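Report on the following structure.
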Amino acid sequence: MPNTFKRPESVLVLVYTAAGEVLMLRRRQPDDFWQSVTGSLEWDETPEQAARRELFEETGVTADAGLIDCHTTHHFPILPAWRARYAPDVTENVEHVFRIAFAARPAIRLDLAEHLEYRWLDRAAAADLATSHTNRDAIRAYVS
Numbered sequence: 004m005p006n007t008f009k010r011p012e013s014v015l016v017l018v019y020t021a022a023g024e025v026l027m028l029r030r031r032q033p034d035d036f037w038q039s040v041t042g043s044l045e046w047d048e049t050p051e052q053a054a055r056r057e058l059f060e061e062t063g064v065t066a067d068a069g070l071i072d073c074h075t076t077h078h079f080p081i082l083p084a085w086r087a088r089y090a091p092d093v094t095e096n097v098e099h100v101f102r103i104a105f106a107a108r109p110a111i112r113l114d115l116a117e118h119l120e121y122r123w124l125d126r127a128a129a130a131d132l133a134t135s136h137t138n139r140d141a142i143r144a145y146v147s
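Written out as structure tokens, the structure reads:
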């Protein structure tokens with residue numbers, strides 16, 4: 004029988020250019036929530052597979068050979084607004100960080116069911132805009 008709850012494990016994919024422009028996405032919900040590419044792992048996939056899938060689903064961009072595993076994980080509490088998606092005893096998520104750099108801005112095709120808009124920002128502005136502290140910290144650590 005398939006698991007009906009979400010897996011409490013996710014990916015964060017930093018997308019940026021050689022010039023240091025960072026892609027930021029504005030979620031539909033909650034209001035004014037800005038982030039990099041993110042998403043939960045399916046029960047049968049690895050973090051790298053999830054990173055590639057989420058990158059394509061949310062932006063239309065394929066990773067090809069450029070996706071880099073930062074070998075960093077963050078543990079954080081699942082927000083009450085999203086807790087019902089997980090098994091009743093699950094309160095924490097594990098996030099795996101990846102990054103991908105492009106020579107120039109790739110064409111972005113947003114998943115409009117999930118995001119309202121996107122922006123390319125310099126590293127400092129992107130970190131300041133990121134709603135999640137793990138996203139903010141990852142931008143500061145991995146985007147030069």
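Counting from 4, one number per residue, gives the positions in the sequence shown under the working numbering.
Each residue gets a CB set at the ideal place from its N, CA and C atoms; glycine is no exception.
Keep in mind the model is a prediction, meaning the values are calculated, not measured.
Cβ of A66 within 7 Å of Cβ of V14?
No, these two residues do not count as a Cβ contact at 7 Å.
For Y145, does the three-state DSSP call read helix, strand or coil?
DSSP, reduced to helix, strand and coil, places Y145 within a helical segment of the structure shown.
Pull up the distance between the alpha-carbon of E48 and that of Y121, whole angstroms please.
Per the coordinates, the alpha-carbon of E48 lies some 27 Å from the alpha-carbon of Y121.
Three-state secondary structure (DSSP) at E51?
Helix.
In terms of DSSP beta bridges, what is F101 paired with?
Looking at the DSSP output, F101 bridges to V16, D72.
Just confirm the distance between the C-beta atoms of T134 and W37, as a whole number of angstroms; I'd bet it's less than 8 Å.
Contact holds; Cβ gap of about 5 Å.
Please check the pair I209 and R126, which I expect to be a contact at CB under 8 Å, by giving their CB distance rounded to whole angstroms.
Because the chain in this structure spans residues 4 to 147, residue 209 falls outside the shown range and cannot be described.
Does the beta-carbon of R86 have 16 or more other beta-carbons within 10 angstroms, so that it is buried, or is it exposed?
Here R86 is exposed: its Cβ has fewer than 16 other Cβ atoms, across all protein chains shown, within 10 Å.
Indicate whether the contact test is met: 3 or more Cβ pairs, each with one atom in the segment 18-38 and one in the segment 68-75, closer than 8 Å.
The segment 18-38 is not in contact with the segment 68-75.
I need the straight-line Cα distance from V18 to L115, nearest angstrom please.
Looking at the two C-alpha atoms, the distance is approximately 18 Å.
Using a Cβ-Cβ cut-off of 8 Å (strictly less than) and excluding sequence neighbours within five positions of G1, which residues of its own chain qualify?
The question about residue 1 has no answer here: the residues shown for the chain are numbered 4 through 147.
Look at the alpha carbon of R30 and the alpha carbon of P83, and state the distance between them as a whole number of angstroms.
Rounded to the nearest angstrom, the two C-alpha atoms are 17 Å apart.
Return helix, strand or coil for R126, following the three-state DSSP convention.
Looking at R126 - three-state DSSP - the assignment turns out to be helix.
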